[in-house]
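In the numbering used here, the protein residues as written are 363 to 685.
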């Protein structure tokens, strides 16, 4: 039995004295287009999705983001508040709330085009036990520089998580984008990345080999998602663990990876892995526990892809936590 196998861990009631979780990154409106249908506007953004999913799982995260003082910004504020996400907000340089045009193909996979600006609001010196960053906010200046500085300030006292979504439409120079992302990889304890994103950062190189390169830069775990084929975990010492995926009928893939990331963090928080000793504890996890963590993330993502838009599960939707 792994520490996640206790049925008590599946209970919806969580301790009141929760670890402090800070997510720093973009919140935006997805303008979703399907062939033959009118466009639909849905709240989203990678880091906002992670915060939302953690909030729905009872983790009460704080999201540091940029929102316009407009109808779209108000909608995002309500959407996040409804899932117990605390906000630290700055109005972005452009003034309006950012948008992402998501064009869905016949399989529900999304292709994105962006209209956005990004700045990191002041978050003060309050400590956090978990810090998650990534996606647009980690590469789009001027805010990306502030994100890197935030990671450097907090990394000695928090579990640092990174999901470096590749956004060629925003950073078309792959060499420059990879250099920026690898700065953050080297500062992180946990990296989650899709095989598609690794394929863009490292064209022609197998995803597992690219992940091993990143693992050598410093993270305890690099988790590579492979869609319906599961995930591969690469440790700092180069060893690998393949974890099968969870079969599900896919409606669309919006926020699937973000929910997976939140599932990883939720499982690690259940294990008490956060704070200053997070790296050492991640490194010490045995394969059975790592697999349980990844299976929990798969279960969370499976709920999200089974329904439209960025709609992550609540804890009650995950009765098989750690199983």
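Every residue, glycine too, gets a C-beta built ideally from N, C-alpha and C. Remember, it's a predicted structure, so these values are computed and weren't measured experimentally.
Taking all protein chains shown into account, decide if residue i is buried (16 or more other Cβ within 10 angstroms of its Cβ) or exposed.
{"i": "residue 531", "result": "exposed"}
{"i": "residue 410", "result": "buried"}
{"i": "residue 436", "result": "exposed"}
{"i": "residue 571", "result": "exposed"}
{"i": "residue 535", "result": "exposed"}
{"i": "residue 584", "result": "buried"}
{"i": "residue 467", "result": "exposed"}
{"i": "residue 619", "result": "buried"}
{"i": "residue 469", "result": "exposed"}
{"i": "residue 551", "result": "buried"}
{"i": "residue 678", "result": "exposed"}
{"i": "residue 567", "result": "exposed"}
{"i": "residue 375", "result": "In this prediction, residue 375 has a pLDDT of 46, which is less than 50 and means its spatial position is unreliable; what the coordinates show is noted afterwards. Residue 375 comes out exposed."}
{"i": "residue 538", "result": "exposed"}
{"i": "residue 454", "result": "buried"}
{"i": "residue 514", "result": "exposed"}
{"i": "residue 486", "result": "exposed"}
What residues in its chain sit with their C-beta under 7 Å from that of residue i, if we drop five residues either side in the sequence?
{"i": "residue 670", "result": "613, 614"}
{"i": "residue 610", "result": "664, 667, 668"}
{"i": "residue 369", "result": "In this prediction, residue 369 scores a pLDDT of 31, lower than 50, which makes its location untrustworthy; the coordinate-derived value is nonetheless stated afterwards. Cβ neighbours of residue 369 beyond the five flanking positions: none."}
{"i": "residue 379", "result": "none"}
{"i": "residue 608", "result": "660, 661, 664"}
{"i": "residue 638", "result": "518, 519"}
{"i": "residue 548", "result": "579, 580"}
In terms of DSSP beta bridges, what is residue i paired with?
{"i": "residue 635", "result": "For residue 635, which the question treats as bridged, DSSP gives no partner whatsoever."}
{"i": "residue 525", "result": "496"}
{"i": "residue 556", "result": "587"}
{"i": "residue 406", "result": "390"}
{"i": "residue 543", "result": "Paired residues: none, contrary to the question."}
{"i": "residue 383", "result": "492"}
{"i": "residue 395", "result": "465"}
Below 6 Å CB to CB, which residues in the same chain sit around residue i once its five sequence neighbours on both sides are set aside?
{"i": "residue 675", "result": "662, 665"}
{"i": "residue 395", "result": "401, 465"}
{"i": "residue 355", "result": "Beyond the ends of the chain as shown, which are 363 and 685, falls residue 355; an answer cannot be given."}
{"i": "residue 641", "result": "551, 582"}
{"i": "residue 432", "result": "458, 459"}
{"i": "residue 441", "result": "405"}
{"i": "residue 590", "result": "607"}
{"i": "residue 542", "result": "501"}
{"i": "residue 385", "result": "409, 412, 413, 423, 425, 494"}
{"i": "residue 636", "result": "381, 491, 492, 521"}
Under the assumption that residue i contacts residue j (Cβ atoms under 8 Å), give the Cβ distance between them as a whole number of angstroms.
{"i": "residue 475", "j": "residue 463", "result": "4 Å"}
{"i": "residue 627", "j": "residue 492", "result": "6 Å"}
{"i": "residue 601", "j": "residue 525", "result": "In fact, because the Cβ distance is near 22 Å, the residues do not count as touching under 8 Å."}
{"i": "residue 480", "j": "residue 505", "result": "4 Å"}
{"i": "residue 482", "j": "residue 502", "result": "So it is not a contact: roughly 11 Å between Cβ atoms."}
{"i": "residue 557", "j": "residue 574", "result": "13 Å between Cβ atoms; not a contact."}
Ordered along the chain, which non-local residues of its own chain (more than five positions away) have a Cβ less than 8 Å from that of residue i?
{"i": "residue 489", "result": "382, 516, 519, 520"}
Any heavy atom of the ligand NAD inside 7 Å of the beta-carbon of residue i?
{"i": "residue 505", "result": "What this structure holds is no ligand at all, so the ligand NAD is not there to describe."}
Entirely within the segment 416 to 478 and at least 4 residues each: give me those alpha helix (DSSP H) ranges in chain order. Complete alpha helix (DSSP H) runs here, min 4: 433 to 443.
Unbroken alpha helix (DSSP H) runs of length 4 or more, entirely within the segment 564 to 607: which are they? Segments of the alpha helix (DSSP H) lying fully in the segment 564 to 607: 569 to 579.
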